[in-house]
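Visitor:
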Amino acid sequence: MSLLWDFKDNLGYTKATLSILQVVLRDAASWVHRFIGTFLWNYPAMKYPTSKINNKKMKNFWDRVSRSLASGQGQFRAPYQDKCCENPPTLDPVYGKGHVVDDLGGLKTYITGSPESKLAILLISDIFGYEAPNLRNLADKVAASGFYVVVPDFLHGDPATPEIMQTSRDEWLNKHKMEQGFEDAKPVIEALKKKGFSAIGAAGFCWGAKVVVMLAKYDYINAAVLLHPGPLTHDDIRDVKQPIAILGAEIDQYSPPEVVKEFAEILSLKPEVDSHVKIFPGVVHGWSVRYDANDKTAVEKAEEAQKEMLDWFVKYVK
Numbered sequence: 001m002s003l004l005w006d007f008k009d010n011l012g013y014t015k016a017t018l019s020i021l022q023v024v025l026r027d028a029a030s031w032v033h034r035f036i037g038t039f040l041w042n043y044p045a046m047k048y049p050t051s052k053i054n055n056k057k058m059k060n061f062w063d064r065v066s067r068s069l070a071s072g073q074g075q076f077r078a079p080y081q082d083k084c085c086e087n088p089p090t091l092d093p094v095y096g097k098g099h100v101v102d103d104l105g106g107l108k109t110y111i112t113g114s115p116e117s118k119l120a121i122l123l124i125s126d127i128f129g130y131e132a133p134n135l136r137n138l139a140d141k142v143a144a145s146g147f148y149v150v151v152p153d154f155l156h157g158d159p160a161t162p163e164i165m166q167t168s169r170d171e172w173l174n175k176h177k178m179e180q181g182f183e184d185a186k187p188v189i190e191a192l193k194k195k196g197f198s199a200i201g202a203a204g205f206c207w208g209a210k211v212v213v214m215l216a217k218y219d220y221i222n223a224a225v226l227l228h229p230g231p232l233t234h235d236d237i238r239d240v241k242q243p244i245a246i247l248g249a250e251i252d253q254y255s256p257p258e259v260v261k262e263f264a265e266i267l268s269l270k271p272e273v274d275s276h277v278k279i280f281p282g283v284v285h286g287w288s289v290r291y292d293a294n295d296k297t298a299v300e301k302a303e304e305a306q307k308e309m310l311d312w313f314v315k316y317v318k
C-alpha cells in the first residue's frame, strides 16, 4: 500500500484506490464461493478448531491465501479440489451376489448372507451411495465369513456425483445430513433385532463414518469401524461407548493423520472402551472402497483395511 503515497495529487491517489477496489471486488461472489469451497472446507484446521495442529497450519493457510491473492491480482485462482469426490464409482443397482429389498426399516437395502447367522453387519456408504460395486463386493466378502450384511440406501436414491459437489454441494449436504442418517439407521437396526439378530456391528465410510460414530455412543450396535471418516470432533470420539476401530489414510484432508492420532489419545483415556486406531501409509481418502479393481496395488491396500474391519467384527460381534 506504500505506493499510494507516491502520488503527487489527489486525483492520482483516487485513481489508484479505485483500481485496487476494482481488483478486490471483481467477481466477488465467485471469489467467496471458491474461497470457502476450496480452502475453508478442505482445510483441516477449519474443521478441527480444538486440534493441536491448528497453530502452525492456520499460519500456513493464511500464507497460502496471501500468495494466491498476490499471484491472481485479487482473484482466488486455486482449482476446486475435493478428495472426497475422487475416483467415483460407476453405480450398478443389480451388482452383487445378494439382492435388494424395498423396505428394511423404511429403506431400500442391499442384503447378502444367510439370515440364519443371527449376527448382522450394517455398512453405511460414503456420499456415492449403496449401489457402488466395490462396497457390495465388500458386503459379499463379509457375508462369506458368516454374517448377514445389510447396505441400506441412506441417501434415498439421490447419491452425490462430482458434478453435484462442484455446483450444489451445500444444497446436497443439507438434504443428506449425517444426523438424519443416524435417525434413519435406528429403524433399520430395530428391524434387524425384530428378525432375531442378537448382535450388530456397523462400519461407515467417509459420510457413513459419522453416522456410525453416533450409533456407537449408544447401545444400538455392538461394535463400530470407521474407515477414512469424514469430519469428526473430539467429542464424537470422547462419547463412544462401543468397541471402535478407526482406519485412517496417510493422505486425508478430512481426517488427517494428526487428527486421527488425537482420536487415539482420547480413546487411550477410555480403558472401558476397546479401541484400535491405525493410519495406513501411502493411501488416500476413500482407498478402502474407491479403488481401481484393475490396480493390483490399490486392491491389496484396500483388502488390508477390509481384513482389519472384518477381524474387528469377528472379535466383537458374536
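For what it's worth, UniProt numbering labels the leading residue of the sequence shown as 1, then goes sequentially.
From the three backbone atoms N, C-alpha and C, an ideal C-beta is built for every residue, glycine too.
1. What's the C-alpha gap between Val260 and Leu104?
2. Answer with buried or exposed for Leu269, where buried requires no fewer than 16 other C-beta atoms within 10 angstroms of its C-beta.
3. For Asp126, which option in Thr297, Asn137, Gly204, Ala199 has the closest C-alpha, if you only look at C-alpha atoms?
4. Go ahead and label Ala202 buried or exposed: buried means 16 or more other beta carbons lie within 10 angstroms of its beta carbon, across all protein chains shown.
5. With respect to the beta strand (DSSP E) encompassing Gly204, which residues constitute its N-terminal and C-terminal limits?
6. Decide if Thr109 is buried, meaning its Cβ has at least 16 other Cβ atoms within 10 Å, or exposed.
7. If you drop the 5 nearest sequence neighbours on each side, which residues of the same chain put their C-beta closer than 7 Å to that of residue 322?
8. Around the Cβ of Pro152, are there at least 16 other Cβ atoms within 10 angstroms (buried) or fewer (exposed)?
9. Of all the options Phe263, Lys315, Ile279, Leu227, which has the alpha carbon lying nearest to the alpha carbon of Leu138?
10. Looking only at its chain, what residues have a beta carbon closer than 6 Å to the beta carbon of Ala120, apart from the 5 residues adjacent to it on each side?
11. Short of 6 Å in beta carbon distance, which residues of its chain neighbour Val225, apart from the five on each side in sequence? Order them along the chain.
12. Would you mind sorting Glu116 into buried or exposed? The rule is 16 or more other CB atoms within 10 Å of its CB.
13. To the nearest angstrom, how far is it from the Cα of Leu155 to the Cα of Arg290?
14. When the Cα atoms are used, what is the spatial distance from Lys195 to Ser114?
15. So, helix, strand or coil for Lys177, using DSSP?
16. Less than 7 Å between C-beta atoms, sequence neighbours within five positions excluded: which residues of the same chain meet that for Val299?
17. Within this structure, are the beta carbons of Asp219 and Pro243 separated by less than 8 Å?
18. Identify the residues that DSSP records as bridge partners of Lys278: which are they?
19. Nearest-angstrom Cα distance between Ala185 and Leu91?
20. Within the continuous beta strand (DSSP E) that includes Asp102, where are the two ends?
21. Around the Cβ of Arg238, are there at least 16 other Cβ atoms within 10 angstroms (buried) or fewer (exposed)?
Guide: Based on what the coordinates show:
1. Residue numbering aside, residue 260 sits at position 260 when the sequence shown is read from its first letter. Residue numbering aside, residue 104 sits at position 104 when the sequence shown is read from its first letter. Using only the alpha carbons, I get a separation of about 33 Å.
2. The sequence position of residue 269 within the sequence shown is 269, counting from 1. Label assigned to Leu269: exposed.
3. Here residue 126 corresponds to residue number 126 of the sequence shown, with the count starting at 1. Out of Thr297, Asn137, Gly204, Ala199, Gly204 has the C-alpha closest to the C-alpha of Asp126.
4. On the sequence shown, residue 202 is found 202 positions in, with the first residue counted as 1. Ala202 should be labelled buried.
5. The sequence position of residue 204 within the sequence shown is 204, counting from 1. Here the beta strand (DSSP E) through Gly204 covers 199–205.
6. The residue given as residue 109 occupies position 109 in the sequence shown. Per the 10 Å Cβ criterion, buried.
7. Residue 322 is absent from the model: the chain starts at 1 and stops at 318.
8. Here residue 152 corresponds to residue number 152 of the sequence shown, with the count starting at 1. Answer is buried; the Cβ neighbour count reaches 16.
9. Reading the sequence shown from its first residue, position 138 is the one you call residue 138. Comparing Cα positions, the closest option is Leu227.
10. Walking along the sequence shown from the start, residue 120 turns up at place 120. Tyr148, Leu192, Phe197, Ile200.
11. Counting from one through the sequence shown, the residue named residue 225 turns up at place 225. The residues are Ala203, Ala245, Met309, Trp312.
12. Against the sequence shown, residue 116 aligns to sequence position 116. Exposed: under 16 other Cβ atoms inside 10 Å.
13. Here residue 155 refers to the residue found at position 155 of the sequence shown. Here residue 290 refers to the residue found at position 290 of the sequence shown. Each residue's alpha carbon lies about 18 Å from the other.
14. The sequence position of residue 195 within the sequence shown is 195, counting from 1. The sequence position of residue 114 within the sequence shown is 114, counting from 1. Approximately 12 Å, taken between the alpha carbons.
15. Taking the first residue of the sequence shown as position 1, residue 177 is located at position 177. Here Lys177 sits in coil by DSSP.
16. Counting from one through the sequence shown, the residue named residue 299 turns up at place 299. Contacts found: Tyr291, Ala293.
17. As a working note, residue 219 is residue 219 in the sequence shown. As a working note, residue 243 is residue 243 in the sequence shown. Not a contact, by the Cβ cut-off of 8 Å.
18. Residue numbering aside, residue 278 sits at position 278 when the sequence shown is read from its first letter. Paired residues: Leu247.
19. The residue given as residue 185 occupies position 185 in the sequence shown. The residue given as residue 91 occupies position 91 in the sequence shown. Cα-Cα distance, rounded: 22 Å.
20. Reading the sequence shown from its first residue, position 102 is the one you call residue 102. Here the beta strand (DSSP E) through Asp102 covers 99–104.
21. In the sequence shown, counting from the first residue as 1, residue 238 sits at position 238. That one is exposed.
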